[in-house]
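**Student:**
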């Protein structure tokens, strides 16, 4: 059964109820109503038989003949927009707005639907203008209007306005906390790039207030404190990242290493690596620890360590790492074979993504804090076990 079956069914039920309530008194007096009713039930039968395109066509024909009722015209506009006929949806909703004596409730509904049309058409400036008036003048439309404004500013990467609208929305809807924290992180990264550490800290504090569990806040804070040469604070922040989201430990290693290098505290870095290995044995952690083993003991111990880790958590990246070591330390007669094997494994690795969204499955080669597909924040994570994919 198609995923959007429930959505269409709900629309049909809502349409049927609205139609019956709006035309109840006239059903006994006007024969065209019977025709519309037949169209409605023909459409419902097609929908239940999963012939969705034909069902929608039938409903559109039925609603179009009932031009007197605002609710049915609203349903028509929504249906044609979902079919991708955005220009037609805009035309329907603009015509509705031009009607005299609209109730305040209907006018609000029509303007919200028209804003959705504009967003679907990519006319974000028109949608924004309409929504800004709605959220200031109509309390009933505020929640939906603020949600749509947040989406518009997010699409435009206007993080300051997205944060402003997200803050207002959070008073009504706590689920926006994660988004709001990432908006503040985007602004903090821009401030850090400009060397404004004070502003970056202020923005990160707002991000932490919005979502105390946001690991990105602490990751950027570590970068800020590294620029400020506050190395103990760098380490503290990175340990918080590890505690909040162990999957991101690979993103913390370089910053932690830099802080330890300035303090000439290699033992602390080694201790941190061991803690990371216990929390999340990602290939990057395994590789760095294997380098330590090779320097302190020998190449065989390092290879044994990598093999042991691969047996616990197989990954293509770990396999390539092992081949690198075997090729570097192996017998001369094995070099050509190992080089060929490594090239094969590396080609497989290059074709696979390094990061995946846990919400929608989008994959890519770099860490994106906002998934470009489903637009969820903080859902893109490193893929640890790429061999299984």
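In our numbering, the protein residues as written are 1 to 389. Positions of the beta carbon are idealized from the N, C-alpha and C atoms, including for glycine.
(1) Counting pairs of beta carbons, one from the stretch 173 to 193 and one from the stretch 355 to 365, are three or more of them closer than 8 Å?
(2) For residue 137 and residue 167, I'd like the C-alpha separation in whole angstroms.
(3) Between residue 264 and residue 242, is the Cβ-Cβ spacing less than 9 Å?
(4) Compute the Euclidean distance between the alpha carbons of residue 384 and residue 323, then round it to the nearest angstrom.
(5) Which residue or residues does DSSP assign as beta-bridge partners of residue 381?
(6) Which residue marks the beginning of the alpha helix (DSSP H) containing residue 165, and which one marks its end?
(7) According to DSSP, simplified to helix, strand and coil, what is residue 361?
(8) Can you list, in chain order, the residues of its chain whose CB lies under 6 Å from that of residue 287, leaving out five sequence neighbours each side?
(9) Between which residues of its own chain and residue 185 is the CB-CB distance below 8 Å, once the five residues before and five after are set aside?
(10) Residue 255 and residue 282 look like a contact to me (Cβ under 8 Å); what is the Cβ gap, rounded to whole Å?
(11) Classify residue 312: buried if its beta carbon has 16 or more other beta carbons within 10 angstroms, exposed otherwise.
(12) Taking only the alpha-carbon atoms, compute the straight-line gap between residue 164 and residue 143 and give it to the nearest angstrom.
(13) Near residue 229, which residues of its chain fall below 8 Å by C-beta distance, leaving aside the five closest residues on each side in sequence?
(14) Mind checking who residue 370 pairs with in its DSSP beta bridge?
(15) Quick check on DSSP: helix, strand or coil for residue 179?
(16) Is residue 28 helix, strand or coil by DSSP?
(17) Around the C-beta of residue 104, are 16 or more other C-beta atoms found within 10 angstroms, so that it is buried, or is it exposed?
(18) Considering residue 144, what are the terminal residues of the alpha helix (DSSP H) in which it resides?
(19) To the nearest angstrom, how far is the alpha carbon of residue 191 from that of residue 377?
(20) Please report the residue range of the alpha helix (DSSP H) in which residue 283 lies.
(21) According to DSSP, simplified to helix, strand and coil, what is residue 214?
(22) Can you check whether the CB of residue 253 is closer than 9 Å to the CB of residue 284?
(23) Residue 232: buried (16+ other C-beta within 10 angstroms of its C-beta) or exposed?
(24) Relative to the C-alpha of residue 225, which residue among 212, 198, 270 is closest?
(25) CB-CB under 6 Å to residue 90, same chain, minus the five flanking residues each way: which ones, in chain order?
(26) If the criterion is Cβ atoms closer than 9 Å, does the pair residue 110 and residue 128 meet it?
(27) Do residue 145 and residue 131 have their C-beta atoms closer together than 9 Å?
(28) Quick check: is any heavy atom of the ligand GTP less than 8 Å from the C-beta of residue 87?
(29) Measuring CA to CA, which of 343, 310, 112 is closest to residue 77?
(30) Determine the burial state of residue 318: buried for a count of at least 16 other Cβ atoms within 10 Å of its Cβ, exposed for fewer.
(31) How would you call residue 315, buried or exposed, if buried means at least 16 neighbouring beta carbons within 10 angstroms?
(32) Out of 182, 301, 135, 120, point me to the one whose CA is closest to residue 380's CA.
(33) Less than 9 Å between the beta carbons of residue 290 and residue 270, yes or no?
(34) What span of residues does the alpha helix (DSSP H) with residue 194 cover, start to end?
(35) Among 107, 245, 125, 121, whose alpha-carbon lies nearest the alpha-carbon of residue 141?
**Tutor:** On the basis of the data shown:
(1) no
(2) 18 Å
(3) No; because the gap between Cβ atoms is not below 9 Å, this pair is not in contact.
(4) 18 Å
(5) 356
(6) 159 to 170
(7) coil
(8) 321
(9) The residues are 203, 204, 207, 214, 216, 217, 220, 369.
(10) Incorrect: roughly 15 Å between the Cβ atoms, too far for contact.
(11) exposed
(12) 14 Å
(13) Contacts found: 262.
(14) DSSP output for residue 370 lists 377 as bridge partner(s).
(15) helix
(16) A caution first: residue 28 carries a pLDDT of 43, below 50, which makes its placement in the model too unreliable to give a value.
(17) With fewer than 16 Cβ atoms within 10 Å of its Cβ, residue 104 is classed as exposed.
(18) Per DSSP, residue 144 belongs to the alpha helix (DSSP H) from 142 to 155.
(19) Distance between the alpha carbons of residue 191 and residue 377 is about 20 Å.
(20) 283 to 296
(21) Secondary structure at residue 214: coil, using DSSP grouped into helix, strand and coil.
(22) yes
(23) Label assigned to residue 232: exposed.
(24) 198
(25) 117
(26) no
(27) yes
(28) Ligands are entirely absent from the displayed structure, and the ligand GTP is therefore not among its contents.
(29) Of the candidates 343, 310, 112, the residue whose Cα lies closest to the Cα of residue 77 is 112.
(30) Buried, because 16 or more other Cβ atoms sit within 10 Å of the Cβ of residue 318.
(31) buried
(32) 182
(33) no
(34) The continuous stretches of alpha helix (DSSP H) do not include residue 194, and DSSP gives it neither H nor E.
(35) 107
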